[in-house]
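Data first, discussion second: the structure below is written as structure tokens.
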Amino acid sequence: MSDGGFGGRPPEMRSWRARLVTRVIHLWFAASRGMTLGVRAAAFDGEGRIFLVRHSYVPGWHMPGGGVERGETAGEALVKELREEGNLELLAPAQLVAVYFNRKTSKRDHVVFYRCQVRQTAPRPADREIVEAGFFALDALPDGVTAATRRRLAELAGEQSASQEW
């Protein structure tokens, strides 16, 4: 199957704007960190729905997450990102699923992936970073869910073998 001449890039990274913003962010991280490390979460509510966000700066629906800062543990970053991106609180300790190499974004980026049960303390209003957010039934995901998000969900459901790459 052809990728339309995009060099194997996932659909959400095919726009020049998304590639530029991602590259600038990673150049900043490269200058301020030796290796980049991020967290993402498959955050489920009590009804089994997954929480997804749509950012202003890169296309597609993603699981909540973000970078791990200096002096911060991956678990602390997860709690922070869940709160910032969704007004979400953990109901139990998050379960570590895997650590992935994110080669398509950077040759130095890794993602720590968790599965967790959450509750939302208040609706997440749109702002300059997050333009939409919400819970979705797994059989009714919104259009534009990223390929990586779909792969992680398939892995969690046992429909696909686990990968080492995001």
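Residue numbers (UniProt numbering): 1 to 166. Cβ coordinates follow ideal geometry from the N, Cα and C atoms, glycine included.
Closest Cα partner of Arg115 within the set Arg70, Asp139, Val99
When only C-alpha atoms are compared, the closest one is Val99.
Pair within 8 angstroms by beta-carbon distance, residue 176 and Pro142
Because residue 176 is not part of the residues shown, which for the chain are 1 to 166, the question remains open.
Residue of Arg128, Glu85, Ala77, Ser15 minimising C-alpha distance to Ala94:
Ala77
Consult DSSP for Trp166 and reduce its assignment to one of helix, strand or coil.
coil
Here's the rule I'm using: 16 or more other beta-carbon atoms within 10 Å means buried, otherwise exposed. How should Glu81 be labelled?
buried
For Gln164, which residues in the same chain have their Cβ closer than 7 angstroms to its Cβ, ignoring the five residues on either side in sequence?
Tyr100, Phe101
Which residues in the same chain have their Cβ closer than 6 angstroms to the Cβ of Gly144, if we skip the five residues on either side of it in sequence?
The beta carbon of Gly144 sits closer than 6 angstroms to those of Gly60, Trp61, all from its chain and outside the five residues before and after it, given in chain order.
Reducing DSSP to helix, strand and coil, say where residue 173 ends up.
Outside the shown range of the chain, which is 1 to 166, sits residue 173, and nothing can be said about it.
DSSP three-state assignment for Ala77, whether helix, strand or coil
Three-state result, Ala77: helix.
Exposed or buried, which one is Ser2 when buried takes at least 16 other CB atoms within 10 Å?
Residue confidence for Ser2 is low, a pLDDT of 47 falling below 50, so the modelled location carries little weight and cannot support an answer.
State the beta-bridge partners of Trp16 as determined by DSSP.
DSSP, once it has assigned bridges, lists no residue as partnering Trp16.
Among the residues of its own chain, which have a CB less than 6 angstroms from the CB of Phe135, if the five just before and after it don't count?
Asp45, Arg49, Phe51
Range covered by the beta strand (DSSP E) that runs through Leu138:
No beta strand (DSSP E) contains Leu138, which DSSP labels as neither H nor E.
Over what stretch of residues does the beta strand (DSSP E) that includes Gly158 continue unbroken?
That residue, Gly158, is in no beta strand (DSSP E); it is neither H nor E in DSSP.
Near residue 180, which residues of its chain fall below 6 angstroms by C-beta distance, leaving aside the five closest residues on each side in sequence?
The chain is shown from 1 up to 166; residue 180 falls before or after that span and cannot be answered.
Under the three-state DSSP convention, the category Glu72 falls into:
coil
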